[in-house]
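Be aware that the sequence shown starts at 866, since it is given in the numbering used here, and climbs by one per residue.
For each residue, glycine too, the CB sits at the ideal point set by N, CA and C.
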Amino acid sequence: MIRRPFDPEAHELDASFRLTKFTDLKGCGCKVPQDVLLKLLEGLQGEGAQATSPIAQVAQIAQISQDQEQSHFQYVTAVPRIGIGMDSCVTPLRHGGLSLVQTTDFIYPLVDDPYMMGKIACANVLSDLYALGVMECDNMLMLLGVSNKMTDKERDVIVPLMMRGFKDAAEEGGSSVNGGQTVMNPWLTIGGVATTVCQPNEYIMPDNAVVGDVLVLTKPLGTQVAVNAFQWLDQPERWNRIKLVVSEDDVRKAYQRAMFSMSRLNKTAARLMHKYNAHGATDVTGFGLLGHASNLAKVQKNEVSFVIHNLPIIAKMASVGKACGNMFKLMQGHSEETSGGLLIALPREQAAAFCKDIEKQEGYQAWIIGIVEKGNRTARIIDKPRVIEVPAKDKDGELW
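If you want it as C-alpha coordinates, here you go:
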(Lines of atoms letter the chains of each structure in order from A and count residues from 1; the text may use other names and numbers.)
(Lines give C-alpha, C1' and ligand atoms only; values in the text may rest on other atoms or scores of the structure.)
Protein backbone atom coordinates (compact mmCIF):
# COMPACT_ATOMS: atom_id res chain seq x y z
CA MET A 1 0.00 0.00 0.00
CA ILE A 2 1.09 3.58 -0.67
CA ARG A 3 1.36 5.35 2.67
CA ARG A 4 -0.67 8.53 3.13
CA PRO A 5 1.80 11.42 2.85
CA PHE A 6 2.43 13.89 5.65
CA ASP A 7 -0.27 16.57 5.67
CA PRO A 8 0.98 19.94 6.98
CA GLU A 9 -2.55 21.28 7.43
CA ALA A 10 -3.38 18.44 9.79
CA HIS A 11 -0.71 19.89 12.08
CA GLU A 12 -1.88 23.48 11.57
CA LEU A 13 1.07 24.34 9.36
CA ASP A 14 0.95 26.31 6.14
CA ALA A 15 -0.28 24.05 3.31
CA SER A 16 2.81 24.97 1.28
CA PHE A 17 5.19 23.66 3.98
CA ARG A 18 8.11 21.66 2.59
CA LEU A 19 10.66 20.06 4.88
CA THR A 20 13.19 20.11 2.06
CA LYS A 21 13.18 23.91 1.96
CA PHE A 22 15.51 23.80 4.97
CA THR A 23 18.19 22.19 2.81
CA ASP A 24 20.36 24.56 0.82
CA LEU A 25 21.89 21.57 -0.98
CA LYS A 26 19.94 20.27 -3.96
CA GLY A 27 18.67 16.71 -3.98
CA CYS A 28 20.04 14.13 -1.57
CA GLY A 29 23.74 14.68 -2.11
CA CYS A 30 25.81 15.97 0.79
CA LYS A 31 29.08 14.03 0.62
CA VAL A 32 32.40 15.79 0.12
CA PRO A 33 33.85 14.34 -3.12
CA GLN A 34 36.38 11.58 -2.47
CA ASP A 35 39.32 13.32 -4.11
CA VAL A 36 38.67 16.49 -2.10
CA LEU A 37 38.20 14.52 1.10
CA LEU A 38 41.50 12.72 0.70
CA LYS A 39 43.29 16.07 0.36
CA LEU A 40 41.56 17.44 3.44
CA LEU A 41 42.58 14.39 5.46
CA GLU A 42 46.25 14.48 4.50
CA GLY A 43 47.14 16.60 7.51
CA LEU A 44 45.59 14.10 9.89
CA GLN A 45 47.65 11.14 8.73
CA GLY A 46 50.70 10.00 10.62
CA GLU A 47 54.07 10.60 8.98
CA GLY A 48 54.45 8.25 6.03
CA ALA A 49 50.93 6.90 6.41
CA GLN A 50 48.40 6.76 3.62
CA ALA A 51 44.79 7.82 3.94
CA THR A 52 43.14 4.57 4.92
CA SER A 53 39.42 3.98 5.10
CA PRO A 54 37.94 2.16 8.09
CA ILE A 55 37.10 -0.71 5.77
CA ALA A 56 40.77 -0.96 4.80
CA GLN A 57 41.72 -0.89 8.47
CA VAL A 58 39.47 -3.89 9.03
CA ALA A 59 41.30 -5.68 6.21
CA GLN A 60 44.60 -4.99 7.94
CA ILE A 61 43.24 -6.32 11.21
CA ALA A 62 42.31 -9.57 9.47
CA GLN A 63 45.93 -10.32 8.68
CA ILE A 64 46.87 -10.73 12.32
CA SER A 65 46.42 -14.14 13.88
CA GLN A 66 44.17 -14.47 16.89
CA ASP A 67 46.85 -16.20 18.96
CA GLN A 68 48.82 -12.94 19.14
CA GLU A 69 46.34 -10.86 21.09
CA GLN A 70 48.79 -8.47 22.67
CA SER A 71 50.72 -7.74 19.47
CA HIS A 72 47.37 -7.61 17.69
CA PHE A 73 46.24 -4.76 19.91
CA GLN A 74 49.52 -2.88 19.63
CA TYR A 75 49.48 -3.20 15.83
CA VAL A 76 45.93 -1.97 15.44
CA THR A 77 46.45 1.09 17.61
CA ALA A 78 49.19 2.14 15.18
CA VAL A 79 46.85 1.94 12.18
CA PRO A 80 45.63 5.39 11.02
CA ARG A 81 42.05 5.94 12.18
CA ILE A 82 41.18 8.59 9.61
CA GLY A 83 40.02 7.62 6.14
CA ILE A 84 37.52 8.29 3.41
CA GLY A 85 34.66 7.40 5.71
CA MET A 86 33.64 4.04 4.35
CA ASP A 87 31.48 1.89 6.60
CA SER A 88 32.30 1.23 10.26
CA CYS A 89 35.39 1.63 12.39
CA VAL A 90 36.44 -1.60 14.11
CA THR A 91 38.55 -1.14 17.23
CA PRO A 92 39.91 -4.21 19.07
CA LEU A 93 39.39 -3.86 22.80
CA ARG A 94 41.68 -4.95 25.60
CA HIS A 95 38.91 -7.15 26.98
CA GLY A 96 39.35 -10.69 25.68
CA GLY A 97 38.95 -10.67 21.91
CA LEU A 98 36.08 -8.19 21.67
CA SER A 99 35.92 -5.34 19.17
CA LEU A 100 34.13 -2.01 19.33
CA VAL A 101 32.28 -1.32 16.07
CA GLN A 102 31.13 2.24 15.52
CA THR A 103 29.82 4.45 12.76
CA THR A 104 28.31 7.90 12.41
CA ASP A 105 26.38 9.73 9.74
CA PHE A 106 23.95 12.60 9.32
CA ILE A 107 21.95 13.95 6.41
CA TYR A 108 19.85 16.89 5.30
CA PRO A 109 16.11 16.62 4.53
CA LEU A 110 15.46 14.96 1.22
CA VAL A 111 11.81 14.01 1.70
CA ASP A 112 9.00 16.20 3.02
CA ASP A 113 7.56 13.73 5.51
CA PRO A 114 9.31 14.43 8.85
CA TYR A 115 8.57 11.01 10.35
CA MET A 116 9.92 9.20 7.28
CA MET A 117 12.93 11.52 7.24
CA GLY A 118 13.75 10.38 10.78
CA LYS A 119 13.46 6.72 9.77
CA ILE A 120 15.67 7.25 6.73
CA ALA A 121 18.33 8.99 8.83
CA CYS A 122 18.42 6.12 11.32
CA ALA A 123 18.48 3.44 8.60
CA ASN A 124 21.33 5.33 6.96
CA VAL A 125 23.42 5.20 10.16
CA LEU A 126 22.73 1.52 10.88
CA SER A 127 23.53 0.53 7.32
CA ASP A 128 27.27 0.88 7.96
CA LEU A 129 27.06 -1.79 10.67
CA TYR A 130 25.02 -4.04 8.43
CA ALA A 131 27.65 -3.71 5.69
CA LEU A 132 30.01 -5.60 8.01
CA GLY A 133 27.41 -8.28 8.66
CA VAL A 134 26.84 -6.87 12.16
CA MET A 135 23.21 -7.54 13.08
CA GLU A 136 22.93 -6.05 16.57
CA CYS A 137 23.47 -2.45 17.66
CA ASP A 138 23.95 -1.92 21.39
CA ASN A 139 23.14 1.79 21.42
CA MET A 140 22.47 4.79 19.21
CA LEU A 141 23.09 8.47 19.79
CA MET A 142 20.98 11.01 17.93
CA LEU A 143 22.61 14.07 16.32
CA LEU A 144 20.10 16.80 15.55
CA GLY A 145 20.57 20.19 13.95
CA VAL A 146 17.47 22.37 14.33
CA SER A 147 17.15 25.12 11.74
CA ASN A 148 16.90 28.62 13.15
CA LYS A 149 14.95 29.51 9.99
CA MET A 150 11.97 27.55 11.30
CA THR A 151 9.04 29.22 12.98
CA ASP A 152 8.33 28.07 16.52
CA LYS A 153 5.25 26.20 15.26
CA GLU A 154 7.20 24.44 12.51
CA ARG A 155 9.92 23.44 14.97
CA ASP A 156 7.48 22.15 17.59
CA VAL A 157 5.64 20.00 15.05
CA ILE A 158 8.41 18.80 12.74
CA VAL A 159 11.32 18.02 15.07
CA PRO A 160 9.37 15.64 17.39
CA LEU A 161 8.09 13.75 14.33
CA MET A 162 11.62 13.35 12.99
CA MET A 163 12.87 12.19 16.36
CA ARG A 164 10.03 9.68 16.63
CA GLY A 165 10.85 8.27 13.19
CA PHE A 166 14.51 7.90 14.17
CA LYS A 167 13.55 6.22 17.46
CA ASP A 168 11.10 3.82 15.80
CA ALA A 169 13.67 2.74 13.20
CA ALA A 170 16.25 2.16 15.94
CA GLU A 171 13.79 -0.03 17.82
CA GLU A 172 12.94 -1.89 14.60
CA GLY A 173 16.64 -2.70 14.42
CA GLY A 174 16.62 -3.99 17.99
CA SER A 175 18.45 -0.97 19.39
CA SER A 176 17.51 2.15 21.36
CA VAL A 177 18.45 5.81 21.40
CA ASN A 178 20.27 6.89 24.56
CA GLY A 179 22.07 10.20 24.34
CA GLY A 180 23.15 12.54 21.58
CA GLN A 181 23.49 16.22 20.81
CA THR A 182 21.20 18.97 19.53
CA VAL A 183 22.29 22.33 18.11
CA MET A 184 20.69 25.35 16.47
CA ASN A 185 22.09 26.28 13.07
CA PRO A 186 20.86 27.43 9.62
CA TRP A 187 20.22 23.87 8.38
CA LEU A 188 17.98 21.05 9.45
CA THR A 189 20.05 17.89 9.89
CA ILE A 190 19.48 14.54 11.55
CA GLY A 191 21.75 11.55 12.07
CA GLY A 192 23.51 9.70 14.79
CA VAL A 193 26.12 7.29 16.07
CA ALA A 194 25.68 3.52 16.18
CA THR A 195 27.83 1.53 18.59
CA THR A 196 28.11 -2.16 19.33
CA VAL A 197 30.60 -4.60 20.86
CA CYS A 198 31.23 -7.73 18.80
CA GLN A 199 32.96 -11.07 18.97
CA PRO A 200 35.03 -11.97 15.88
CA ASN A 201 32.34 -14.23 14.42
CA GLU A 202 29.77 -11.42 14.47
CA TYR A 203 31.29 -9.34 11.71
CA ILE A 204 32.50 -10.21 8.22
CA MET A 205 35.74 -8.86 6.88
CA PRO A 206 35.17 -6.92 3.65
CA ASP A 207 38.33 -8.01 1.84
CA ASN A 208 37.88 -11.67 0.86
CA ALA A 209 36.34 -11.52 -2.63
CA VAL A 210 37.69 -14.17 -5.00
CA VAL A 211 37.62 -14.66 -8.76
CA GLY A 212 34.29 -16.24 -9.64
CA ASP A 213 32.25 -14.44 -6.99
CA VAL A 214 29.24 -12.42 -8.09
CA LEU A 215 28.06 -9.01 -6.89
CA VAL A 216 24.60 -8.69 -5.36
CA LEU A 217 22.72 -5.43 -4.69
CA THR A 218 19.85 -5.38 -2.17
CA LYS A 219 18.06 -2.10 -3.04
CA PRO A 220 17.36 -0.34 -6.33
CA LEU A 221 19.27 2.73 -7.46
CA GLY A 222 17.81 6.11 -8.39
CA THR A 223 16.84 7.69 -5.06
CA GLN A 224 18.51 11.00 -5.90
CA VAL A 225 16.73 11.20 -9.24
CA ALA A 226 13.38 10.33 -7.65
CA VAL A 227 13.50 12.97 -4.89
CA ASN A 228 14.65 15.64 -7.32
CA ALA A 229 11.95 14.78 -9.88
CA PHE A 230 9.33 15.06 -7.13
CA GLN A 231 10.54 18.54 -6.19
CA TRP A 232 10.42 19.53 -9.88
CA LEU A 233 6.66 19.00 -9.98
CA ASP A 234 6.43 22.53 -8.55
CA GLN A 235 9.16 23.96 -10.81
CA PRO A 236 7.77 24.34 -14.37
CA GLU A 237 11.12 25.10 -15.99
CA ARG A 238 12.56 21.84 -14.68
CA TRP A 239 9.40 19.77 -15.05
CA ASN A 240 9.25 20.69 -18.73
CA ARG A 241 12.55 18.90 -19.23
CA ILE A 242 11.21 15.53 -18.11
CA LYS A 243 7.41 15.57 -18.67
CA LEU A 244 7.73 13.90 -22.07
CA VAL A 245 9.25 10.75 -20.55
CA VAL A 246 7.39 10.50 -17.24
CA SER A 247 3.94 11.35 -15.84
CA GLU A 248 3.17 13.10 -12.57
CA ASP A 249 1.82 9.80 -11.24
CA ASP A 250 5.06 8.06 -12.23
CA VAL A 251 7.07 10.68 -10.33
CA ARG A 252 4.91 10.45 -7.22
CA LYS A 253 5.20 6.66 -7.20
CA ALA A 254 8.97 6.83 -7.71
CA TYR A 255 9.20 9.27 -4.80
CA GLN A 256 7.20 6.93 -2.56
CA ARG A 257 9.31 3.98 -3.66
CA ALA A 258 12.51 5.89 -2.95
CA MET A 259 11.26 7.03 0.46
CA PHE A 260 10.29 3.54 1.58
CA SER A 261 13.44 1.97 0.13
CA MET A 262 15.63 4.45 1.98
CA SER A 263 13.80 3.84 5.26
CA ARG A 264 14.11 0.05 5.03
CA LEU A 265 16.82 -1.50 7.19
CA ASN A 266 19.52 -3.72 5.67
CA LYS A 267 19.40 -5.99 8.71
CA THR A 268 17.99 -9.04 6.91
CA ALA A 269 20.70 -8.73 4.27
CA ALA A 270 23.33 -8.56 7.03
CA ARG A 271 22.03 -11.77 8.60
CA LEU A 272 21.94 -13.57 5.25
CA MET A 273 25.54 -12.53 4.57
CA HIS A 274 26.53 -15.02 7.28
CA LYS A 275 24.17 -17.73 6.05
CA TYR A 276 25.46 -17.57 2.47
CA ASN A 277 29.16 -17.03 3.21
CA ALA A 278 29.60 -13.48 1.92
CA HIS A 279 33.18 -12.50 1.12
CA GLY A 280 32.73 -8.78 1.79
CA ALA A 281 30.28 -5.92 1.40
CA THR A 282 29.70 -2.20 1.53
CA ASP A 283 26.58 -0.05 1.49
CA VAL A 284 25.78 2.20 -1.46
CA THR A 285 25.32 5.80 -0.38
CA GLY A 286 26.77 9.21 -1.20
CA PHE A 287 29.61 8.12 -3.51
CA GLY A 288 27.22 6.27 -5.81
CA LEU A 289 27.32 2.65 -6.90
CA LEU A 290 30.63 2.87 -8.74
CA GLY A 291 32.30 4.95 -6.01
CA HIS A 292 31.48 2.42 -3.32
CA ALA A 293 32.28 -0.54 -5.56
CA SER A 294 35.68 1.02 -6.26
CA ASN A 295 36.35 1.56 -2.55
CA LEU A 296 35.50 -2.06 -1.82
CA ALA A 297 37.67 -3.30 -4.69
CA LYS A 298 40.69 -1.31 -3.47
CA VAL A 299 40.90 -3.19 -0.16
CA GLN A 300 40.67 -6.73 -1.48
CA LYS A 301 43.48 -9.10 -0.48
CA ASN A 302 43.29 -10.94 -3.79
CA GLU A 303 44.10 -9.42 -7.18
CA VAL A 304 40.52 -9.00 -8.35
CA SER A 305 38.33 -6.40 -10.04
CA PHE A 306 34.59 -5.84 -10.04
CA VAL A 307 32.62 -5.62 -13.29
CA ILE A 308 29.00 -4.43 -13.13
CA HIS A 309 26.62 -5.47 -15.91
CA ASN A 310 23.14 -4.76 -14.50
CA LEU A 311 21.63 -1.64 -12.92
CA PRO A 312 18.38 -2.13 -10.95
CA ILE A 313 16.76 1.32 -11.01
CA ILE A 314 13.49 2.66 -9.59
CA ALA A 315 10.96 2.54 -12.45
CA LYS A 316 11.14 5.42 -14.96
CA MET A 317 14.11 7.07 -13.23
CA ALA A 318 16.62 5.95 -15.88
CA SER A 319 14.52 7.79 -18.47
CA VAL A 320 14.33 10.86 -16.25
CA GLY A 321 18.09 10.84 -15.78
CA LYS A 322 18.63 10.65 -19.53
CA ALA A 323 16.13 13.45 -20.21
CA CYS A 324 18.07 15.69 -17.82
CA GLY A 325 21.15 15.55 -20.00
CA ASN A 326 22.74 12.97 -17.71
CA MET A 327 23.18 15.51 -14.89
CA PHE A 328 22.85 12.73 -12.31
CA LYS A 329 25.24 10.30 -14.10
CA LEU A 330 22.98 7.47 -12.97
CA MET A 331 23.98 5.06 -15.73
CA GLN A 332 27.65 5.71 -14.99
CA GLY A 333 27.21 4.77 -11.32
CA HIS A 334 27.89 8.25 -9.95
CA SER A 335 24.39 9.25 -8.88
CA GLU A 336 24.37 9.72 -5.13
CA GLU A 337 22.16 7.41 -3.09
CA THR A 338 20.95 7.76 0.48
CA SER A 339 20.50 4.70 2.69
CA GLY A 340 20.98 2.43 -0.33
CA GLY A 341 21.36 -1.31 -0.47
CA LEU A 342 24.29 -3.52 0.40
CA LEU A 343 26.69 -4.40 -2.40
CA ILE A 344 27.87 -7.91 -1.51
CA ALA A 345 30.48 -10.24 -2.98
CA LEU A 346 29.00 -13.74 -2.73
CA PRO A 347 30.07 -17.18 -3.95
CA ARG A 348 28.43 -17.73 -7.34
CA GLU A 349 26.74 -20.93 -6.22
CA GLN A 350 25.07 -19.19 -3.25
CA ALA A 351 24.03 -15.83 -4.73
CA ALA A 352 20.74 -16.94 -6.28
CA ALA A 353 19.69 -18.57 -3.00
CA PHE A 354 20.57 -15.34 -1.16
CA CYS A 355 18.33 -13.31 -3.50
CA LYS A 356 15.48 -15.81 -3.20
CA ASP A 357 15.76 -15.90 0.60
CA ILE A 358 15.74 -12.13 1.07
CA GLU A 359 12.66 -11.82 -1.16
CA LYS A 360 10.91 -14.58 0.78
CA GLN A 361 11.66 -12.91 4.12
CA GLU A 362 11.13 -9.27 3.22
CA GLY A 363 9.05 -9.22 0.06
CA TYR A 364 11.72 -7.14 -1.70
CA GLN A 365 14.04 -8.19 -4.48
CA ALA A 366 17.82 -8.36 -4.59
CA TRP A 367 19.76 -8.65 -7.84
CA ILE A 368 22.96 -10.17 -9.17
CA ILE A 369 24.51 -7.15 -10.87
CA GLY A 370 28.10 -8.12 -11.68
CA ILE A 371 31.06 -10.43 -11.34
CA VAL A 372 34.44 -10.61 -9.65
CA GLU A 373 37.25 -11.32 -12.09
CA LYS A 374 41.04 -11.30 -12.01
CA GLY A 375 42.29 -7.72 -11.99
CA ASN A 376 44.02 -4.85 -10.26
CA ARG A 377 41.49 -3.99 -7.52
CA THR A 378 39.34 -1.63 -9.58
CA ALA A 379 35.64 -1.49 -10.42
CA ARG A 380 33.85 -0.55 -13.62
CA ILE A 381 30.42 -0.55 -15.24
CA ILE A 382 30.28 -1.93 -18.77
CA ASP A 383 29.52 0.49 -21.62
CA LYS A 384 25.90 -0.53 -22.09
CA PRO A 385 24.65 -1.98 -18.81
CA ARG A 386 21.26 -3.66 -18.65
CA VAL A 387 18.68 -1.54 -16.86
CA ILE A 388 16.31 -3.49 -14.62
CA GLU A 389 13.13 -1.47 -13.94
CA VAL A 390 12.01 -1.84 -10.32
CA PRO A 391 9.28 -2.90 -10.10
CA ALA A 392 9.05 -4.50 -13.51
CA LYS A 393 5.29 -3.87 -13.62
CA ASP A 394 2.95 -1.63 -11.65
CA LYS A 395 0.33 -3.25 -9.45
CA ASP A 396 -2.69 -1.24 -8.32
CA GLY A 397 -2.34 -0.06 -4.74
CA GLU A 398 1.12 -1.57 -4.33
CA LEU A 399 4.53 0.08 -4.55
CA TRP A 400 6.55 -3.05 -5.31
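- Counting only unbroken stretches of 4 or more residues, the alpha helix (DSSP H) elements lying wholly within the segment 1128-1158 are 1132-1140, in sequence order.
- Within the segment 1071-1112, the beta strand (DSSP E) runs of at least 3 residues that lie entirely inside it are, in chain order, 1079-1082.
- Spatial neighbours of residue 1228 in its own chain (CB-CB distance under 8 Å, excluding positions within 5 residues in sequence) are listed in chain order as 1265.
- Buried is the label assigned to residue 974, since at least 16 other Cβ atoms lie within 10 Å of its Cβ.
- If you draw a straight line from the Cα of residue 876 to the Cα of residue 1023, it comes to about 9 Å.
- Within the model, the alpha-carbon separation for residue 1121 versus residue 967 is close to 30 Å.
- Here residue 1078 has 1144, 1210, 1211, 1212, 1213 and 1237 as same chain residues with Cβ atoms under 7 Å from its own Cβ, once five neighbours each way along the sequence are excluded.
- Pairing residue 1201 with residue 1191, the inter-Cα distance amounts to about 13 Å.
- Runs of the beta strand (DSSP E) lying entirely within the segment 965-1031, each at least 3 residues long, are 1004-1012 in chain order.
- Residues of the same chain with a CB within less than 7 Å of the CB of residue 1180, apart from the 5 flanking positions on each side, are 1119, 1254, 1255 and 1256 in chain order.
- At a Cβ-Cβ threshold of 8 Å, residue 1189 and residue 1251 do not count as neighbours.
- In this structure, residue 1147 lies away from residue 1017, with their beta-carbon atoms at least 8 Å apart.
- In terms of Cβ geometry, residue 1055 and residue 1158 do not form a close pair [threshold 8 Å].
- Shown here, residue 1046 sits in a strand according to DSSP, grouped into three states.
- Assigned with DSSP and collapsed to three states, residue 900 falls in helix.
- For the pair residue 1231 and residue 1081, the CB atoms are nearer than the 8 Å cut-off.
- Within the same chain, Cβ atoms closer than 6 Å to the Cβ of residue 1115 are found at 1181, the five residues on either side in sequence being excluded.
- Residue 1170 is bridged by DSSP to 1238.
- When the beta-carbon positions are compared, residue 1030 and residue 982 come within less than 8 Å of each other.
- Judged by DSSP secondary structure, residue 1222 falls outside any beta strand (DSSP E) and instead within the alpha helix (DSSP H) spanning 1213-1227.
- Distance from the CA of residue 872 to the CA of residue 1173, rounded to the nearest whole angstrom, comes to 41 Å.
- Between the segment 1026-1040 and the segment 983-1003, the count of C-beta pairs closer than 8 Å reaches three or more; the two stretches touch.
- Minimum Cα-Cα distance from residue 1177 among the listed residues 1208, 1100 and 1160 corresponds to 1208.
- Contact annotation, residue 1198 with residue 1233: C-beta distance approximately 16 Å; criterion of less than 8 Å not satisfied.
- Of the candidates 977, 959 and 870, the residue whose Cα lies closest to the Cα of residue 882 is 977.
- CA-to-CA, the gap between residue 1170 and residue 1243 works out to about 5 Å.
- Of the candidates 1098, 1124, 965 and 996, the residue whose Cα lies closest to the Cα of residue 1112 is 1098.
- Less than 8 Å separates the beta-carbon of residue 1222 from that of residue 1137.
- Residue 1220 has its alpha-carbon roughly 34 Å from the corresponding atom of residue 1108.
- Rounded to whole angstroms, residue 971 and residue 1117 show a C-alpha spacing of 25 Å.
- For residue 1175, the beta-bridge partners assigned by DSSP are 1251.
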